[in-house]
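As structure tokens, the structure follows; a few thoughts come after it.
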Amino acid sequence: MWDPSRGGLRLARAAAVGLVVAGVASAAHVVGGGAHSSWLAVVLACVAVTAVTAVIGSRRIGTPILLTLLVAAQLGVHALTGYLHGHGPWHEPTMVLAHLVGVGASAVLLARGEALLWRLHAWLTPSLVGRPSGAPVVARRVAPATVVPRDLSPVLTGSLSRRGPPVSVV
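Here my numbering runs 78 ahead of the position in the sequence shown, where the first position is 1.
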């Protein structure tokens, strides 16, 4: 049985969060007027976020944890890219706004993905847990059908019914 909080699916969730966060943080840095992020910064951010998410991914990731993770990743990518490319400690409003929009976009995207995955898990789990794989399907015994006599009124027992279209006279 598959479970989003265990095994390969847990690691896939963590990798998806890492890729989204690192990609959006890098794009936000460029949109905010900073230099293009180096591959080293993006890969380090992706690996760090993936590792943290894999550790905390044993349960559904809630909004406070998700926002904390996103803000920390945005700050980390910004600081690492700034360090590698040597921009100063000042922060222009466009840079701050771009990173805040990046946090918002990442939060919406990841929250929808988490909700979809857990909803899919809840929908599929009953059908997967219903019977173990390889177990034979046993048909239930059906009760025989009984004939219930119709109650005929004594007034109608001797009547003759002539339903149908009228007979034409020739």
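Using N, Cα and C, we set each Cβ at its ideal position, and we do this for glycine too.
Test item: CB-CB of residue i and residue j under 9 Å
i	j	result
Gly112	His156	yes
Ala123	Ala93	no
Ala185	Thr141	yes
Leu118	Leu187	no
Val181	Leu145	yes
Gln152	His114	no
Closest by C-alpha distance to residue i, when choosing among the options
i	options	result
Val130	Glu170, Leu158, Leu89 and Arg219	Leu89
Val109	Pro244, Ala189, Ser246 and Met173	Met173
Leu148	Val98, Gly191 and Val245	Val98
Backbone CA spacing between residue i and residue j [nearest angstrom]
i	j	result
Gly154	Ala200	35 Å
Ala132	Ile139	11 Å
Ala150	Leu202	34 Å
Ala87	Ser136	Reading the sequence as shown, one finds Leu at residue 87 and not Ala. Their backbone Cα atoms lie some 11 Å apart in a straight line.
Val102	Arg197	25 Å
Arg84	Ile134	11 Å
Arg240	Val225	28 Å
Val120	Leu175	20 Å
Gly160	Pro171	16 Å
Ser116	Val127	17 Å
Leu195	Val179	24 Å
Ala189	Ala183	10 Å
Val125	Arg218	53 Å
Pro244	Ala223	40 Å
Gly191	Ile143	15 Å
Ala193	Ser104	25 Å
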